[in-house]
Amino acid sequence: MTTATLSKSLSKPRKNREPSNLGTGIGIVIILIIWLIPTIGLLVTSFRPLSLINTTGWWTALDVNNGPETAQHPDPNAGYVEKLSTRFTIDNYVDALTGYRGTGTYLEACASGIKPLGMNCNLTDLVNPRGMGRAFINSLFVTVPSTILPILVAMFAAYAFSWMDFKGRYAIFAILVGLQVVPIQMTLVPVLRMFAGMGINGTFPAVWLFHTGFGLPYAIYMLRNSMSTLPKDLFESAYLDGADHWQVFTKIVMPLITPAIASLAIFQFLWVWNDLLVSLVFLGGSKPVMTYQISNMVTSLGAGWHLLTAAAFLSMLLPMIVFFALQKYFVRGMMAGAVKG
Amino acid sequence: MARATALPVMKQKMGVPWLYLLPALIVMTIFIVYPMVNTVGLSFQNNDGTASAATTCREGEPCWGVMENYRYALTNELNTESVQTTWQSFWTSSYGNNIKWLLVMVTGTVGIGLIFAVLVDRIKREALAKAIIFMPMAISFVGAGVIWKFVYNYGTSQVQTGILNAIITGLGFEPVAWLSKVPLNTFMLIVVGIWMWTGFCMTLLSSAIKSIPEEIIEASRIDGATNFEIFSKIQVPIIAPTIIVVITTMVINVLKLFDIVYVMTGGNFGTNVIATRMYTEMYTNAQYGRGTAIAVILILFIIPFIVMNIRRFTKQEAMR
Amino acid sequence: MKQNRIPWTILAVLLVSALVLGACAQPAAPTQEPAAPVAGDIDCTGVKTGDTLSMLYQWSGEEEAKLTAILAPWSAACGVTVTPESSRDQALLDTRVQAGTPPDVTFWNVTQLSQYKDKLVDMTTLGANAANYAGYWGEIGTIDGRWLGLPVKADVKTLIWYSPANFQAAGYTVPTTWEELDALVEKMVADGKVPWSLGMESGDATGWTGTDFIQDILLVTQGPEYVSKIIAGEIPYNDAGVKAAYEIYGKWAKDPKYTVAGAEGTLSTGFNDAILKVFSDVPEAFMVKQSGFASGTLLGTYPDKVYGVDYDFFGVPGAKGLQGGSDWLMAFNDTPAVRSLVKYLSSNKGGEMWAQIGFDLTPNATGNAAYASPEAIKKAGLLAGATGFTPDIGDSIPGGFGSAEFSGITDFVNGGDLTAILDTIAAAQADAMAQ
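Residue numbers (the numbering used here), protein chains in the order written: chain A, 492 to 832; chain B, 7 to 326; chain C, -3 to 431.
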């Protein structure tokens, strides 16, 4: 390597390069395929009618002649595309979105002219109390504060653990690790009693508070890890410039640990978004969240489980958007740039 | 000079640290510590908390008095006829299964997550590759249960709607009942766990790798280090604190793990883990005392990892 | 450094707006107007328009839609707003009850009658009409001399589903006695055909299809009093009669000649898939023993099947009495709205509504004339003509018995030692009785 290329590579980190060799590339692709297969199965299934889901494998979805006799195209000589089109459906998504509960499908029921109970057969069904639309809003109400509050509170505590000296910090830190393993079921009854006494049972703040309490040990634990890896020089020079803890915390630490906060935010968001038990106990059925509506689509004997395939995809959309949106905080050189700035 | 305790690089007034800590401590005390202490008392009482656990002892059987629920929690799953049956039944008990989960799932998620984070670091479409590994985390568990039905489903002579058995029967073998064959079934469930949680480990490890200064890597590359040497001698030691954090978090997650087992086998066929057993005792069987005793044992499992973390904590501060 | 402020600003704005919206989402106070005391044949005494009633049940999807339809006339007449919650998570109900914030009314299993007996309101106090229920319902619903639960929904389990078309093609006839059934099974095996589809996989409840079958065999070989004595703890679960029933079941459930894919198929085939195997284009078996919901499952996958032609059922031949699942209304609070609901569901009108909507069967005898489908009429006929009715043994014995019974039968099919398994279940039974 010549001096010229060396200095170039040092000043400008190499990005967007191909995998270093073919073997690595193949390895990555194999892992990705293994990871994707189950999800692809779900995606394909979510567009198939129940009779075919139960009688044929999803990977045979393009075979237009398999399955029970009743699922066959009435004209055996029809073209491939014509046959294929009858073997896929968007009913699972429509039924999941509108919250249709019945033996047929929402579209069939509406086309027949007899409106299903509680349905109007127009766009307003998207926001009816059984549908996913309203549940989406409720889930947002639950999730956003339940993500922000614990991170906010945890940042202060993590700062104290990493850069302050006080009595009992090891003991409290040990307890902090231990608290993460406390099963949620152990705390439900006393907390519910307390909320009932305060009169906030069944309100959003009740859920926020509980998620904050349960999210804190992990949030502090993780943020302490990132804060304590910051270089000591940073703090010493700030101190020489006459800064106090508050200034160091807000001006230096907070910007520098943005990547850690971003990944913590992703996971806290996910856990709250996918939680059913806490919102069921403290919020109840009057303000249904997405997970409540999803689990509510299946009867106690498992009928309607095919709707879960569509519902699972719908509820996955927002977390994936959050993941991509926060990707920009996971890039090399964040730290270097911030220190200079 | 560095010392084993914290470094007060700045002067601080008495009590300032507590201002930073107090909000968190108050919230955690109200929502975790107080309810937990409140509930632990139940583990020394009978099923509905009306009398001491000692009253549930039955004549002619071993009894631990007020610790009776703990006796039940620890020994009920064991077949103590002989040393051999005790050993065998231990490995299909919830405790034995949790040890299998800890060993395989923590190694699997952290190992694959670390390797993958390094492999995709700086390739084109890194974000997309990471998103694919991360995706299972975003699927709510109700959805994931359906997904794995299409992998493990056991079809008989005519149709296979599970892809694994379709492959196996396609090759001319008999279909395998993945979820009811002991001890295969626990490992099949662990595969689901690894699939779900590798994205978590990868995300944290990947951002730690990205914080390694570029200069260090390039310098050793000039010194002729191979990719593997860079990985094992530079990257891994630098991100070791994060690896410990990720391992600890995964240990906690595996100890608390409930959904996968509950949804897919309900703890049947010898797949019970501590958390599903706790749930069954608490709610299905309405034995709150026994359930709480199991929960307390679960919490005690974490002690070795607390020790490990404190060691790391002191070492890290001594170094900086 | 400037760019890093943006996410914080966004977070702050989101937090504030969520707090504001959350505060606005509180419901407005309801207007209080007394409703007409008796609206038509629905008794609304004491109820004020705008009263609310909280309700927790395990039904969801289609089931929930049916319940809503059944309650609609009552809530419209009395002006009661129902705030329903649906969950099968026992943790939710338990947590609510223990924390002292139970729902006004819950529809749950028979076990909870004894579990919550100290907290439930007497049905007589609430004005339930006992005259509309057969005597055995009162016996099951009475704990320590108090009538604590109103049976609202029943499901006959003692049924065998088959395809008349397949039976006819193979020259088989529906058996009328247990001996005929046994002979038919042997004949099918001799013909090289598989008689049963016994799959019992059901996630956390795996095993219930098997224990249902055991209980039906007990109704044939021993009769309903025997089953009641097991529930009461007077006959231990490791009694010879129980053991014989397991042996009959095991002969079928473990052998690939008798059931689809033998023991492995029994353990690993989902109970819904097991139903489908009898009705597929090339049937894998001839019979499936399953409760009343089986037709719903098969119509979901094979919507063109016709009742009486492609599918039908017969009661387990020789069974003295029936086994059934039942759901019970339990009241934790005594309010006018709860009273009017209990009166409505136990009234003639309530029974007719339940039957018309066709949410399984109603134990309310006035519903018997109101069923719409021939299938429901036949099931209701079986229930009405039953000499005895036994609830599920596993559901009726509290404590760890139910889960011990489930894991016992899976162990048994898996090749475990029957005597040891029954001893374990009997220990759980004794444990429950001691408490």
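Using N, Cα and C, we set each Cβ at its ideal position, and we do this for glycine too.
- Ala422(C) does not reach chain B, its nearest Cβ partner there being about 13 Å away, counting only Cβ pairs nearer than 9 Å.
- For Asp407(C), the enclosing alpha helix (DSSP H) stretches over residues Phe397 to Val409.
- Against chain A, the beta carbon of Pro370(C) has no neighbour under 9 Å; the closest one sits roughly 17 Å away.
- Fewer than three Cβ pairs drawn from the segment 809 to 819 of chain A and the segment 109 to 116 of chain C lie within less than 8 Å of each other, which leaves the two stretches out of contact.
- Contact note: Arg64(B) reaches chain C through Ala426, Asp427 and Ala430, using a C-beta cutoff of 9 Å and chain order.
- Residues of the segment 253 to 269 of chain C with a C-beta atom less than 7 Å from some C-beta of chain B are Val256, Ala257, Glu260, Gly261, Leu263, Ser264 and Thr265, listed in chain order.
- Segment contact: the segment 190 to 205 of chain B against the segment 264 to 283 of chain B, three or more CB-CB distances shorter than 8 Å; contact assigned.
- When Cβ-Cβ separations below 8 Å define contact, Ile517(A) makes no contact with chain B.
- Judged by DSSP secondary structure, Asp178(C) falls within the alpha helix (DSSP H) whose first and last residues are Trp174 to Ala186.
- Cα atoms of Ser276(C) and Ile129(B): separation of roughly 50 Å, rounded to the nearest angstrom.
- The alpha helix (DSSP H) runs lying completely inside the segment 360 to 399 of chain C and spanning 4 residues or more are 370 to 380 and 389 to 392, given in chain order.
- Less than 8 Å separates the beta-carbon of Ile642(A) from that of Ile752(A).
- Here the alpha carbons of Phe705(A) and Gly21(B) stand approximately 26 Å from one another.
- A straight line joining the alpha-carbon of Ser369(C) with that of Pro41(B) spans about 52 Å.
- Rounded to whole angstroms, the separation of the alpha carbons of Arg131(B) and Gln54(C) is 46 Å.
- Of the candidates Ile581(A), Lys658(A), Asp582(A) and Val555(A), the residue whose Cα lies closest to the Cα of Ala569(A) is Val555(A).
- Identification of chain A residues near Gln54(C) by a Cβ-Cβ cut-off of 9 Å yields Ser791, ordered along the chain.
- Among the residues of chain C, those whose CB is under 8 Å from the CB of Met270(B) are Gly199, following chain order.
- Only residues of its own chain outside the window of five on either side were considered, and among them Ile38 and Tyr340 have a CB closer than 6 Å to the CB of Trp70(C), listed in chain order.
- The Cβ atoms of Ala95(C) and Arg621(A) do not sit closer than 8 Å to each other.
- For Ile222(B), the number of other beta carbons within 10 angstroms of its own is below 16, and it is reported as exposed.
- Taking CB atoms only, Val780(A) has no neighbour in chain C less than 8 Å away.
- Excluding the 5 residues flanking it on each side, Pro247(B) has same chain C-beta neighbours closer than 7 Å at Arg318 and Gln322, in chain order.
- Per DSSP, the unbroken beta strand (DSSP E) holding Ile156(C) starts and ends at Leu155 to Tyr158.
- Taken atom to atom, the span from the alpha-carbon of Thr41(C) to that of Leu378(C) is near 36 Å.
- Leu211(B) is positioned such that its CB atom lies closer than 8 Å to that of Val252(B).
- In the DSSP assignment, Glu81(C) falls within the unbroken beta strand (DSSP E) covering Thr77 to Ser82.
- Going by C-alpha positions, Thr331(C) is about 12 Å away from Asp118(C).
- For Val106(C), the CB contacts under 7 Å within the same chain, skipping 5 residues up- and downstream, are Ile136, Ser322, Trp324, Pro387, Asp391 and Ser392 in chain order.
- Look at the beta carbons and you see the segment 142 to 160 of chain B touching the segment 758 to 770 of chain A: at least three pairs across the two are nearer than 8 Å.
- Rounded to the nearest angstrom, the Cβ distance from Thr97(C) to Asn692(A) is 6 Å, consistent with a contact under 8 Å.
- Against Val698(A), chain B offers no close residue; the least beta-carbon distance is about 12 Å (beta-carbon pairs closer than 7 Å).
- Counting along the chain, Pro641(A) sits inside the alpha helix (DSSP H) bounded by residues Met623 to Trp654.
- Nearest neighbour of Ile196(B) by Cα position, chosen from Thr92(B), Asn291(B) and Leu261(B), turns out to be Leu261(B).
- Annotation: Ile309(B) to Thr282(B) spans about 21 Å, alpha carbon to alpha carbon.
- With its beta carbon less than 8 Å from one in chain A, Tyr40(B) belongs to the interface.
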